[in-house]
Amino acid sequence: MKTFTDLSLKHVIRPANKENAPLLLLLHGYGSNEEDLFSFAPEISQDFFIVSARAPYNMVPQGAAWYAINFDATGGKFSDVNQAKESMALLLKFIEELKAHYPISKDKINILGFSQGAILSYGLSLSHPALFNKVVCMSGYLNEEMIEQPEDLESRFRESENQPSYFISHGTVDQVVPYAWAKLAPDFLKKLNIDHVFKDYPIGHGVARDNFYDMKEWLERDL
107 MKTFTDLSLK
117 HVIRPANKEN
127 APLLLLLHGY
137 GSNEEDLFSF
147 APEISQDFFI
157 VSARAPYNMV
167 PQGAAWYAIN
177 FDATGGKFSD
187 VNQAKESMAL
197 LLKFIEELKA
207 HYPISKDKIN
217 ILGFSQGAIL
227 SYGLSLSHPA
237 LFNKVVCMSG
247 YLNEEMIEQP
257 EDLESRFRES
267 ENQPSYFISH
277 GTVDQVVPYA
287 WAKLAPDFLK
297 KLNIDHVFKD
307 YPIGHGVARD
317 NFYDMKEWLE
327 RDL
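For the sequence shown, position 42 (counting from the first letter as 1) is numbered 148 according to our numbering, and the numbering increases by one without interruption.
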């Protein structure tokens, strides 16, 4: 597996079987790296050009993060929202680089995130709905602080010619991201009439076999 370093983010690729292929961009979780979700690639249709990106903030020994998670004096944790927004801006730049660098469709951008990668996937797609086609959010939650100009969100979706659809999945006994947090996302999307599917599975913080194949079937629909 070769990691490419010639664009804004280090990444690995699985080429598609055709030109002008839809992009599937994979965003790993906190402390992981580009090789983690890339394990999905052999099972996903070769109609997709798959790119798995490494987050910009390095962690010891080989992991990375999209933004820092800090702890206060009482043991509570909070996200560095400014770092998250910087990573979102970097991802927007990276997507434009991918369009120029690889033989992919310019208007069929799909994104799949796990955990922290899912949180960023919500922020990116809700801030820039016209850019995305399908969005998969696994074991994450919707952090409204990461949505750009949230006061314009409803009109942004109403006026956008393209609106992404969402596949959301979560473990009912997730010990990292509470199940109750995950369930807020479908309620949020429903109020905005945004197309979405929510599925849960009797697991912790991870992706069950049934979860993966449900996601795969949804993702490959209408290819």
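Even glycine gets a Cβ: it sits at the ideal position worked out from N, Cα and C. Keep in mind that this is a model prediction, so the values were computed, not measured.
Exposure label - residue i; buried when at least 16 CB within 10 Å
i: ALA206; result: exposed
i: GLU140; result: buried
i: LEU325; result: buried
i: LYS240; result: buried
i: ASP280; result: buried
Same chain, Cβ closer than 8 angstroms to residue i, neighbours up to 5 away in sequence not counted
i: TYR307; result: SER275, HIS276, GLY277, THR278, ALA314, ASP316, ASN317
i: VAL282; result: SER221, SER245, GLY310, HIS311
Reference residue i; option with closest CA among the options
i: MET347; options: ILE175, ASN126, ILE156, ASN239; result: Outside the displayed span of the chain (107 to 329) sits residue 347, for which this structure offers no information.
i: MET259; options: ASN249, HIS234, VAL282; result: This sequence places Leu at residue 259; Met is not what is there. Taking only the C-alpha atoms, the option nearest LEU259 is HIS234.
i: VAL187; options: PRO292, ILE253, TYR319; result: ILE253
i: LYS305; options: LYS108, LEU204, ALA288; result: ALA288
i: ILE328; options: LYS296, ALA286, SER271, ALA291; result: Rather than Ile, the amino acid found at residue 328 in this sequence is Asp. The candidate whose alpha carbon is nearest that of ASP328 is SER271.
Contact set for residue i: own chain, Cβ-Cβ below 6 angstroms, skip 5 residues either direction
i: PHE110; result: HIS117
i: ASN249; result: ILE225
i: ILE300; result: none
i: TRP172; result: ALA161, SER193, GLN222, LEU226
Other residues of its chain near residue i: CB distance less than 7 angstroms, five sequence neighbours each side excluded
i: ASP142; result: HIS134
i: GLU267; result: ALA236
TODO: Determine, using beta-carbon pairs with one atom in the stretch 203-218 and one in the stretch 122-136, whether at least three such pairs fall under 8 angstroms.
DONE: yes
- [ ] Could you tell me whether the stretch 189-208 touches the stretch 111-127, where touching means 3 or more Cβ pairs closer than 8 angstroms?
- [x] yes
Open item on the list: Quick check on the DSSP output: what are the complete beta strand (DSSP E) runs of length 3 or more inside the stretch 242-295, in order along the chain?
Closed with: 271-277
Open item on the list: Quick check for students: name the residue ranges of the alpha helix (DSSP H) that lie wholly in the stretch 107-189, counting only runs of 4 or more.
Closed with: 140-143
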